[in-house]
Amino acid sequence: MTAKSEQTRQLVIDTALGMFRERGFEKTTMRAIAQEASISLGSAYYYFESKDDLVQELYSRIQLEHRATAINAIRTESSLSKRLQAVFAAGFTVMEPYHDFGTAFLQTAISPSNTASPFHEASSDSREDAIELFRLALDGASPATPASLRQDLPELLWLGYMALVFFWVNDRSENQYRSKALANGIAPLITRLLTLAKLPIARKVVEDAVSLIRKARS
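In terms of full-length UniProt numbering, the sequence shown opens at residue 1 and continues consecutively.
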């Protein structure tokens, strides 16, 4: 892709995301994006076949901003609970401008066959970036992750975070207060569960649960 072509592609992305924030997802058409960007409709479709492809770009951008926002807290905090609270809060912060069209985004995200879904193979790079953020949060934190969970816990935390995002999308409380309160409460609960997972009486239950999840993924 030439420099001019890359510049045009970036223009389409920036224009679309701005219109998503201002007009909402449903009211933003490919034609409107092309008009706002002062390019032909054919040029817009050359780079993106549909709005769903632009949602994929949004997902990728959010992952980059999420990491940049959360990384300082991860580096300066040793408490796993505080690290997770920071990661959850950072996610809500970077998604805030897009909350009003979150329902449309959710409809896209929950369809695994849609390339814009975080669960689709096309989203694997962004998904791995998101999982890596939780791996960083776990690395060196207190309490330490039990050896039996080190491989799977980052992805399990990401899946839990996605559940929080789905709740946040439908949260109509002021400034999504309920979602933030839920996230702040879940973080210390996860920490306590990890501590319990080290005890012989609970270790086998945890290992069995992880084994079931592995089978479901395979």
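Quick reminder that beta carbons are idealized off the backbone N, C-alpha and C, glycines included. As the structure is a computational prediction, the values presented were derived from the model and not from experiment.
Separation of the CB atoms of T2 and A37 is rounded to 18 Å, and the pair is thereby denied contact status at 8 Å. L58 and A209 have their alpha carbons spaced roughly 33 Å apart. Here the region 49 to 68 lies against the region 7 to 25, with 3 or more beta-carbon pairs under 8 Å apart.
In the three-state reduction of the DSSP assignment, S113 falls in the coil class. DSSP places S43 within a helical segment (H, G or I) once states are collapsed to three.
Secondary structure within the UniProt domain "HTH tetR-type" (6 to 66): the alpha helix (DSSP H) runs of 4 or more consecutive residues, fully enclosed, are 30 to 37 and 41 to 47 (chain order). Put simply, the backbone Cα of L212 is about 11 Å away from that of V205.
With distances taken between CA atoms, I74 lies nearest to A137 out of R127, F101 and A137. Only buried fits Y98, as 16 or more other CB atoms lie within 10 angstroms of its CB. S142 is bridged by DSSP to S79. For R135, the secondary structure class from DSSP, reduced to helix, strand or coil, is helix.
Straight-line measurement puts the Cα of W168 at about 7 Å from the Cα of Q176. Counting every other CB atom within 10 Å of its CB across the protein chains shown gives T76 a total below 16, marking it as exposed. The C-alpha of M30 is placed about 48 Å away from the C-alpha of A144. A Cβ-Cβ contact shorter than 9 Å links I131 with P154.
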